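Count the sequence shown with our numbering and you get residues -1 to 369, in order.
For every residue, glycine included, the Cβ atom is placed at its ideal position computed from N, Cα and C.
In this text, all values refer to a predicted model and were calculated from it rather than measured experimentally.
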Amino acid sequence: MKRLAGLSALALIISSTSGCGWIWGPEGYFRDRGSDYLEAQPTKPMELPPGVNVAKRLDPLLPIPRNVADDTAKGEYVVPRPQPISAVADASDYSLQKSGDSRWIVAQRPPAEVWPVAVQFFQDNGFRIDEQRPQTGEFTTAWQQGSELSATMAKRLQAGGVAADSEARVRVRIEPGVQRNTSEVYVVSAERPAGSTANVDFTNRSVNTGVDSALVDEMLASMSRISEKGGSVSLLAARDYDTPSRVSLTEDGSGNVVLNLGEDLDRAWASVGRALEQGPWRVEDINRSLGLYYINVAEKAERKDDEPGFFGKLFGSKPTKEEIETRAERYQVRLSKVGESVQVTVEKNINTVAPAETARKVLGVIQDNLG
């Protein structure tokens, strides 16, 4: 009935007019007003009533410029379209990421290109590389005191908490990022008294947060400078990089399709959320504490530029809530921490897994959008 009423209204409007000049013509309601300013005329300056004094002089709010090239121009004038803003020029190849006390660098480059830049940073600051494993994306420095490093680095380490009579060494790990052709750089330091021969092992997570934060900040600034000049590529790292893939689509022991992400839960949550927003469905709700995204695969994503136009609203093309509920196909995408990785699964509800075909389709789209 709504669409029939819209058609009737449109037919009545058309039949009651002999033409569309009153709508689209030079004097129509929807006429182009882009050149109206050419007909504008100056008005007399504002005058105050006699006897009224003000402390500040009243100047025109919209004065006419004196350097107008031609004030006699007539006719239509097409305003040129603005040039698109270049986001690439302002975007950096390297950025800092944080999660709690942890800090790491995300590079918009593959590990083979990040490796030589990271090594160069430590060598330029006086560190001696003790062991390099480009195949696994790791290198460590030798035990050194601050006096053996560059003056800037020595000050940053002392400010971070390294005692003047202590020795420190650093382990750098470069891993493939979640998105294709990106990398993540992690720095962990270890400290021992000067002259000691104790073998102090590195921890998986940062313990000396002050020192590691100082190293990450300095490395980020150095990498950004080097990338502007152009860098090299580690052919060994590119050829034999054997760090396992960060994203893989597999099946669990029960035969259910799962997507494995080799990262912590906070970053996995953000990455999957961005991937879902790009999918051919509507994200209706989220529950961060339970690790759930609620999607409706029967509806397209809501986007600002998809608002119906004049005729779309007139003909009632937008579905009603009843129509949406009738055809709804709702599922929940669950993120679960499993060991050092995160598993993503698709469920019909908390007690029922989604059909294998649906789960594979949804997780496959997520995997593609992470690339």
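- Within the same chain, Q142, E146, L147, S148, M151 come within 8 Å of G124 by CB-CB distance, once the 5 residues on both sides are set aside.
- Annotation: K298 is outside any beta strand (DSSP E) and is labelled neither H nor E by DSSP.
- Every beta strand (DSSP E) of 3 residues or more that sits fully in the stretch 156 to 223 is shown, in chain order, as 164 to 174, 181 to 191.
- Collapsing the DSSP output to three states places F137 in a strand.
- Counting along the chain, no alpha helix (DSSP H) covers Q341; the unbroken beta strand (DSSP E) around it starts and ends at 339 to 347.
- Shortest Cα-Cα distance from E345 to any of S339, K335, A357 involves A357.
- Between N206 and S222, the CB-CB gap reaches or exceeds 8 Å.
- For the options S252, E129, A296, the alpha carbon positioned closest to that of T343 is the one of S252.
- Beta-bridge partners of I293 (DSSP): V281, Y329.
- CA-to-CA, the gap between E37 and P47 works out to about 30 Å.
- Measuring C-alpha to C-alpha distances from Q177 to each of A105, P353, F120 identifies A105 as the nearest.
- Within the DSSP bridge table, the entry for E249 names V255 as partners.
- Exclusion of the five residues before and after D264 leaves S97 as the residues of its chain whose Cβ lies within less than 7 Å of its Cβ.
- The count of Cβ pairs closer than 8 Å, one atom from the stretch 188 to 200 and one from the stretch 283 to 299, stays below three, leaving the stretches out of contact.
- With a cutoff of 8 Å on beta-carbon distance, E182 and W102 are scored as near each other.
- Exposure of V50 is indicated by the presence of fewer than 16 other C-beta atoms within 10 angstroms of its C-beta.
- Here V160 has G144, A166, E189, V209 as same chain residues with Cβ atoms under 7 Å from its own Cβ, once five neighbours each way along the sequence are excluded.
- For V104, the enclosing beta strand (DSSP E) begins and ends at 100 to 105.
- Collapsing the DSSP output to three states places T318 in coil.
- Ranked by Cα distance from N347, the options L247, I293, L218 are led by I293.
- Taking a C-beta distance under 8 Å as the contact criterion, I127 and Q121 qualify as a contact pair.
- The criterion of a C-beta distance shorter than 8 Å is not satisfied by S246 and N254.
- Taking C-alpha positions only, S93 is separated from T324 by approximately 45 Å.
- Of the residues assessed, P40 falls on the exposed side of the cut-off, its CB having fewer than 16 other CB atoms within 10 angstroms.
- Straight through space, the alpha carbons of D262 and D250 are spaced by roughly 20 Å.
- Under the DSSP assignment, E355 falls in the alpha helix (DSSP H) whose first and last residues are 354 to 368.
- For T350, the beta-bridge partners assigned by DSSP are N347.
- For K42, the secondary structure class from DSSP, reduced to helix, strand or coil, is coil.
- Excluding five sequence positions before and after A273, the CB atoms of its chain that fall closer than 7 Å to its own CB belong to I364, N367, L368, given in chain order.
- Beta-carbon to beta-carbon, V185 and L155 are separated by about 12 Å, too far to satisfy the 8 Å threshold.
- The Cβ neighbour count for E327, taken over all protein chains shown within 10 Å, is under 16; the residue is labelled exposed.
- Separation of the CB atoms of R169 and E136 is rounded to 7 Å, and the pair is thereby assigned contact status at 8 Å.
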